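See structure below.
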Amino acid sequence: MNAQPNVEVCLSPQLLHLYPLQNRVVVIVDVLRATSTIITALAHEVAGIIPVAKLEQCEAYKRLGFITAAERDGKKAEGFDLGNSPFSYMAEELKGKTIVFTTTNGTEAISKSSSASLILIGGFLNITALSKFLIEKNQDTLLLCAAWKGKPNIEDTLFTGALLHKLLPHFSSSTDDNLLALSLYQQSMLNKWELIQKSSHVKRLQGLGIERDIEFCLSEDLYPVVPYFNGEALVI
Ligand code: 3SL
1 MNAQPNVEVC LSPQLLHLYP LQNRVVVIVD VLRATSTIIT ALAHEVAGII PVAKLEQCEA
61 YKRLGFITAA ERDGKKAEGF DLGNSPFSYM AEELKGKTIV FTTTNGTEAI SKSSSASLIL
121 IGGFLNITAL SKFLIEKNQD TLLLCAAWKG KPNIEDTLFT GALLHKLLPH FSSSTDDNLL
181 ALSLYQQSML NKWELIQKSS HVKRLQGLGI ERDIEFCLSE DLYPVVPYFN GEALVI
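All residue numbers for the sequence shown refer to my numbering, where the first residue is 1 and numbers rise by one.
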């Protein structure tokens, strides 16, 4: 019998140096809101999202005439076309367009993962499609939480627990980080909203009046798509 592939959770990009990326699939997780927004945009027929870590890179694309999106500290950064609300990416006029995208933590996590063999985008919005894809792919996998400025967060950890729950019959898993994520999921799977409401990021976003974004990003399986990085852009 073939050995099962391994799956590990990395709770923050600050810990990424502890994990090998070569020959691994990396799933980027930023439930609130970057990866949920990317999934939504591509499911609504945006052609591609070019992720960049820095505002200056995004500005350079803007000067070339690209549509640009930028978020810092939960707010739309000044001078760009779009922020990070998934609802902004459902517009008819964005269909078929490529958008350059930078966010506080999500795009940083993507850029730090460039040596992975494949980069995928995950969130509750695509959890079942993503788990089926990973099981089929049958390759060592790292679930990378974007976290908040290096500090682990509840929502990304909870999501990795939910994804692990689906993956574990097919993958081997032995780390304490995996156990933490799974335990969090098992304790709160019947009421994830109650737990997430206590999180620091939800408090931050509530201050900005975007409760409907939070509720939307926690919805499961709205979009059966698995965005991946093709070397230039995230596409489906
Ligand atoms: O940190 C990020 O990448 C963002 O997703 C944060 S926010 O939800 O837009 O505040």
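Every residue, glycine too, gets a C-beta built ideally from N, C-alpha and C. Note that the structure is predicted; figures quoted are calculated from it, not measured.
CB-CB length for residue i against residue j, believed under 8 Å
| i | j | result |
| --- | --- | --- |
| A69 | I99 | 5 Å |
| N138 | P5 | 6 Å |
| I28 | I121 | 6 Å |
| L42 | P227 | 5 Å |
| E220 | I127 | 6 Å |
| C237 | L208 | For residue 237 there is no data in the structure shown, the boundaries of the chain being 1 and 236. |
| K112 | L16 | 6 Å |
| L182 | G161 | 5 Å |
| A129 | A34 | With 8 Å as the limit, A129 and A34 do not qualify as a contact, their Cβ atoms being about 18 Å apart. |
| H44 | M90 | 5 Å |
| K54 | T102 | 7 Å |
Residue i CB to nearest heavy atom of the ligand 3SL below 7 Å
| i | result |
| --- | --- |
| T104 | yes |
| E71 | yes |
| K32 | The question names Lys, but residue 32 in the sequence shown is Leu. Indeed, a heavy atom of the ligand 3SL lies less than 7 Å from the Cβ. |
| G74 | yes |
| A146 | yes |
| D84 | It should be pointed out that residue 84 corresponds to Asn in this sequence rather than to Asp. For the ligand 3SL, at least one heavy atom lies less than 7 Å from the Cβ of N84. |
| L205 | yes |
Sheet register partners of residue i (DSSP bridge)
| i | result |
| --- | --- |
| S172 | N6 |
| V100 | I50 and T68 |
| G122 | V29 |
| L142 | E8 and V26 |
| K151 | W148 |
| L234 | I49 and F229 |
Below-8 Å beta-carbon distance, residue i vs any chain D residue
| i | result |
| --- | --- |
| P224 | Absence of chain D from the displayed structure is noted, only one protein chain being present. |
Q.
Please give the ranges of any beta strand (DSSP E) in the region 26-88, keeping only runs that are unbroken, at least 3 residues long and fully inside the region.
A. Those beta strand (DSSP E) runs which fall completely within the region 26-88 and span 3+ residues are 48-51 and 67-72.
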